[in-house]
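Residue numbers (our numbering): 101 to 492. For glycine and all other residues, C-beta sits at the position ideal for the given N, C-alpha and C. A short write-up of the structure that comes next.
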């Protein structure tokens with residue numbers, strides 16, 4: 101038996117061991133396998149995997165954190181534990197919502213997990229965005245809502261019979277209300293319409309939500325829209341050829357990450373500026389007041405959801421952007437930081453505070469709110485946590 105096979109066997113054994121322990125902690129079945137008859141064939145019914153983490157406790161998260169810390173970096177076991185931890189956190193957060201249509205986590209035919217949104221009018225999030233935009237208008241601050249593409253409504257053909265994702269129709273109701281209230285919107289859901297190869301690679305072969313290339317396409321469309329308002333990004337920032345892909349291996353490849361003492365998950369696809377591209381940024385973590393300055397090849401993709409203040413000394417366009425995002429901001433923030441003179445970045449996933457006060461103090465040329473049309477993000481961040489509140 102060679103070393104590679106031995107390693108694989110050990111990894112599989114370790115994953116099985118951890119999964120069995122986790123099941124004991126949960127108390128209920130982790131995978132509730134339901135069988136539905138296929139509409140198009142007489143073959144045996146297919147399985148649908150739904151996460152049903154019924155008895156989940158916070159102690160499970162502590163248990164998983166310990167196992168992640170002790171697992172071998174880059175191993176299949178560690179990646180598995182990280183995914184499992186993410187699902188556990190998500191399930192606990194969903195329990196904080198009361199009677200709100202949210203998302204199911206289902207398994208696609210290719211084995212990847214996907215969010216499937218239940219039917220909803222998104223009334224709460226819609227009202228929150230309208231009130232927020234109108235309050236900014238009163239203060240003379242422009243606003244743009246950027247609707248991002250996501251896997252949900254793009255994966256309908258891969259869902260098992262009996263499952264349907266409502267995210268697309270849900271968000272159409274939201275956009276109709278925005279139009280009635282003259283709220284500016286940029287809908288980027290069809291940016292891959294004429295590029296099926298990229299679309300397949302991002303949405304079906306991997307989790308596009310964490311992919312820097314996915315974020316680049318959204319950034320480029322947003323930059324084109326901002327250019328119509330006189331907010332111009334350098335041309336080199338809009339050309340994909342000026343970036344190159346790497347796979348991160350933790351802190352060793354990221355000076356900015358070292359400066360903040362944060363850990364980057366291994367083997368995530370990244371986009372970096374080309375070697376000829378001289379960057380010169382001053383970056384401050386708003387929460388900890390940690391700073392980083394200088395010319396460096398930092399990942400465009402900022403995984404840890406810092407709340408950042410960025411001053412770009414390499415551009416002189418004097419444009420000030422206040423960027424508010426859902427978790428997609430993990431991939432998009434760096435593109436804006438490299439393109440404009442000053443960027444304030446606030447990811448709603450970790451935000452606690454009063455946005456209007458921060459925006460008024462910064463006095464940006466525009467406020468960008470970038471979100472996908474998934475129930476979970478909309479309802480949790482805008483309805484439950486009221487992060488766009490217009491009053492303290």
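Residue j beta carbon less than 7 Å from that of residue i
i: residue 424; j: residue 243; result: no
i: residue 409; j: residue 384; result: yes
i: residue 225; j: residue 470; result: no
Separation of residue j from residue i, as counted between CA atoms
i: residue 389; j: residue 444; result: 14 Å
i: residue 47; j: residue 234; result: Because the chain here runs from 101 to 492, residue 47 falls outside it and cannot be looked at.
i: residue 341; j: residue 313; result: 12 Å
i: residue 264; j: residue 289; result: 18 Å
i: residue 472; j: residue 378; result: 32 Å
i: residue 66; j: residue 266; result: An answer regarding residue 66 cannot be provided, because it is not within the stretch 101 to 492 covered by the chain.
i: residue 475; j: residue 227; result: 14 Å
i: residue 338; j: residue 344; result: 13 Å
i: residue 146; j: residue 217; result: In this prediction, residue 146 scores a pLDDT of 28, lower than 50, which makes its location untrustworthy; no coordinate-derived value is stated.
i: residue 329; j: residue 230; result: 21 Å
i: residue 324; j: residue 335; result: 11 Å
i: residue 318; j: residue 482; result: 22 Å
i: residue 416; j: residue 426; result: 28 Å
i: residue 315; j: residue 283; result: 23 Å
i: residue 232; j: residue 249; result: 22 Å
i: residue 411; j: residue 487; result: 25 Å
Counted within 10 angstroms of its Cβ, other Cβ atoms place residue i as buried (16 or more) or exposed
i: residue 492; result: exposed
i: residue 387; result: exposed
i: residue 446; result: buried
i: residue 463; result: exposed
i: residue 391; result: exposed
i: residue 295; result: exposed
i: residue 281; result: exposed
i: residue 327; result: exposed
i: residue 127; result: The predicted model places residue 127 with a pLDDT of 34, which falls under 50 and marks its position as unreliable, so this point remains unresolved.
When the options are compared against residue i, the one with the closest alpha-carbon
i: residue 333; options: 267, 268, 289, 420; result: 420
i: residue 268; options: 236, 227, 219, 225; result: 219
i: residue 431; options: 441, 406, 452; result: 406
i: residue 437; options: 324, 382, 458; result: 382
i: residue 434; options: 324, 373, 216; result: 373
i: residue 485; options: 456, 470, 452; result: 452
i: residue 422; options: 336, 448, 281; result: 448
i: residue 441; options: 413, 427, 456; result: 413
Cut-off 7 Å between Cβ atoms - residues of its own chain near residue i, not counting five sequence neighbours on either side
i: residue 285; result: 245, 247, 275, 278
i: residue 239; result: 460
i: residue 331; result: 419, 465, 466
Nonlocal neighbours in the same chain, by C-beta distance under 8 Å from residue i, ignoring five residues either side
i: residue 454; result: 489, 492
i: residue 393; result: 381, 382, 383
i: residue 270; result: 217, 219, 220, 221, 222, 473, 475
i: residue 236; result: 242, 243, 456, 459, 467
Neighbourhood of residue i by C-beta, 6 Å cutoff - its chain only, sequence neighbours within 5 removed
i: residue 221; result: 273
i: residue 439; result: 333, 337
i: residue 321; result: 288, 291
i: residue 365; result: Residue confidence is low: residue 365 scores 33 on pLDDT, short of 50, so the model does not pin down where it sits. No coordinate-derived value is stated.
Residue i at chain D interface by Cβ criterion, 7 Å
i: residue 331; result: Of the protein chains in the structure, only one exists, and it is not chain D.
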